[in-house]
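What follows is a short report on a single structure.
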């Protein structure tokens, strides 16, 4: 087990689940991610991350929302858990604090 | 409108390897995706991409059983059945032997009876009215001796028809292996030897439902007539259609020795 480490893609998936709130399922997450990031994403990658995030306790899932276009099959709907929200907040804080530590000169140097 | 479906084997493959936790939801996702692609890209591309998606899921995360998945385990169940059955049979060897042996004997008898009956009813399928055709024979028994044979007295058909109105038709056959004949078609200088020859009452053609290539089953009603097989007719007259003559059979009857 890799512990609680959150990968970059996993973080994006977690955020997308937050955005979609009540309708976060595999394909919906894929659509949203592609729209937001402009990347081309494989459906298997999304499900792989979802499974892993659920194992880590950041997501919980339930079945529901069957429809005709899905051949009458139900969706696995994901929602953030408390641990999930917490790990996102921690990640954001870490970035923020690190951002602040980058001296202004570094940005300027990059431009010049 | 009936929706197109992705290749059935790909769906079956996916269901086979994917664990229960994901199977339903992922398949739903892929069908939704398939539907979208089919209207955008066409059926062929959608099929290809569907198969590609299935292949992508062949990964440990989708295959391994999850703890939340259904705990049904039919393999262990059946192996347990076999094990307990074997143990209880080992404990009760005599009874198990009688049971299994008796069952095997019964099955074997069943199969033998089936084979016997199948053989019995396999004869004379050719005749449409086979169940109404009978052959008469003599049966002779006395203490210490018995015999049976198929020769009957010559007047029997007439007597039968007179005494038993239920009998629609009756015919005699006089067939002996030594009934050898010589055949000579008109215009031929040579006699030919034939030995598969029988004398018969005209009604035999009707009773045995002999299919006639030329002429009909009344062919033997006239005197001096003979009926022959198609191959014999070809041998004697060549591969010609004898329609136009009164009957091909008439032509040769005078040649009969």
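Chains as they are written, first to last, in the numbering used here: chain A, 2 to 113; chain B, 6 to 262. Ideal placement from N, C-alpha and C gives every residue a C-beta, glycine not left out. Just so you know, these numbers come straight off a predicted model, no measurement behind them.
Which two residues bound the contiguous alpha helix (DSSP H) that contains residue i?
i                     : result
residue 81 (chain B)  : 79-96
residue 164 (chain B) : 161-168
residue 61 (chain B)  : 48-61
residue 32 (chain A)  : 27-38
residue 241 (chain B) : 235-242
residue 209 (chain B) : 209-212
residue 218 (chain B) : First-last for residue 218 (chain B): undefined, no H or E at that position.
residue 14 (chain A)  : 9-21
residue 16 (chain B)  : 13-22
residue 66 (chain B)  : 65-68
According to DSSP, which residues form a beta bridge with residue i?
i                     : result
residue 151 (chain B) : B:146
residue 80 (chain A)  : A:61
residue 179 (chain B) : B:204
In chain B, what lies closer than 9 Å to residue i by C-beta?
i                    : result
residue 52 (chain A) : 26, 27, 66, 67, 71
residue 77 (chain A) : 26, 27, 29, 30, 31, 33, 34
residue 64 (chain A) : 29, 30
Beta strand (DSSP E) containing residue i: first to last residue?
i                     : result
residue 203 (chain B) : 203-205
residue 68 (chain A)  : Element bounds for residue 68 (chain A): n/a, residue is neither H nor E.
Check the C-beta distance from residue i over to residue j and give it rounded, since I have them as a contact under 8 Å.
i                     : j                     : result
residue 45 (chain A)  : residue 58 (chain B)  : 7 Å
residue 142 (chain B) : residue 155 (chain B) : 4 Å
residue 21 (chain A)  : residue 11 (chain A)  : 16 Å between Cβ atoms; not a contact.
residue 68 (chain B)  : residue 24 (chain B)  : 6 Å
residue 69 (chain A)  : residue 33 (chain B)  : 11 Å between Cβ atoms; not a contact.
residue 53 (chain A)  : residue 64 (chain A)  : So it is not a contact: roughly 19 Å between Cβ atoms.
residue 203 (chain B) : residue 233 (chain B) : With a Cβ gap of about 12 Å, residue 203 (chain B) and residue 233 (chain B) do not count as contacting.
residue 79 (chain A)  : residue 6 (chain A)   : No, residue 79 (chain A) and residue 6 (chain A) are not in contact; Cβ-Cβ is about 20 Å, not under 8 Å.
residue 206 (chain B) : residue 227 (chain B) : Their Cβ separation, rounded to whole angstroms, is 13 Å, which puts residue 206 (chain B) and residue 227 (chain B) out of contact at 8 Å.
residue 89 (chain A)  : residue 31 (chain A)  : Not confirmed; about 19 Å, so no contact.
residue 166 (chain B) : residue 153 (chain B) : Contact doesn't hold; Cβ gap of about 24 Å is too wide.
residue 131 (chain B) : residue 138 (chain B) : Actually they are not in contact, since the Cβ atoms of residue 131 (chain B) and residue 138 (chain B) sit about 11 Å apart, beyond 8 Å.
residue 38 (chain B)  : residue 28 (chain A)  : 6 Å
residue 344 (chain B) : residue 66 (chain B)  : Nothing about residue 344 (chain B) can be read from this structure; chain B reaches only from 6 to 262.
residue 81 (chain A)  : residue 8 (chain A)   : Incorrect: roughly 17 Å between the Cβ atoms, too far for contact.
residue 230 (chain B) : residue 238 (chain B) : The Cβ separation is near 13 Å, so there is no contact.
residue 190 (chain B) : residue 241 (chain B) : 5 Å
residue 188 (chain B) : residue 200 (chain B) : Not a contact, Cβ separation roughly 11 Å.
Would the C-beta of residue i count as close to the ligand GDP, meaning under 6 Å from any of its heavy atoms?
i                    : result
residue 27 (chain A) : What this structure holds is no ligand at all, so the ligand GDP is not there to describe.
Residue i versus chain B: which residues are under 7 Å apart at the beta carbon?
i                    : result
residue 28 (chain A) : 34, 37, 38
residue 71 (chain A) : 33, 36, 37
Note down, in chain order, every chain A residue with its Cβ under 7 Å from the Cβ of residue i.
i                    : result
residue 55 (chain B) : Within chain A, no residue comes near residue 55 (chain B); the closest Cβ sits about 10 Å away, beyond 7 Å.
residue 62 (chain B) : 45
Strictly below 8 Å CB to CB, what residues from chain B border residue i?
i                    : result
residue 49 (chain A) : 64, 66, 67
residue 74 (chain A) : 29, 30, 32, 33, 36
Could you name the residues of chain A that residue i contacts, counting a contact when the two beta carbons are closer than 8 Å?
i                    : result
residue 78 (chain B) : Per Cβ cutoff of 8 Å: no residues; residue 78 (chain B) is ~22 Å from chain A at best.
Just the chain A side, please: which residues come within less than 9 Å of residue i by C-beta, in chain order?
i                    : result
residue 58 (chain B) : 43, 44, 45
How about the region 202-213 of chain B and the region 164-177 of chain B: do they share at least three Cβ pairs that are nearer than 8 Å? yes
Report task. Flag this pair as touching only if the region 33-42 of chain B and the region 55-63 of chain A have three or more C-beta atom pairs under 8 Å; answer yes or no. Result -> no
Check your understanding: Taking three-plus beta-carbon pairs below 8 Å as touching, is the region 10-17 of chain B in contact with the region 39-56 of chain B?
Key -> yes
- Decide yes or no for the touch test of the region 14-23 of chain B against the region 36-45 of chain A: beta carbon pairs closer than 8 Å, at least 3 of them. no
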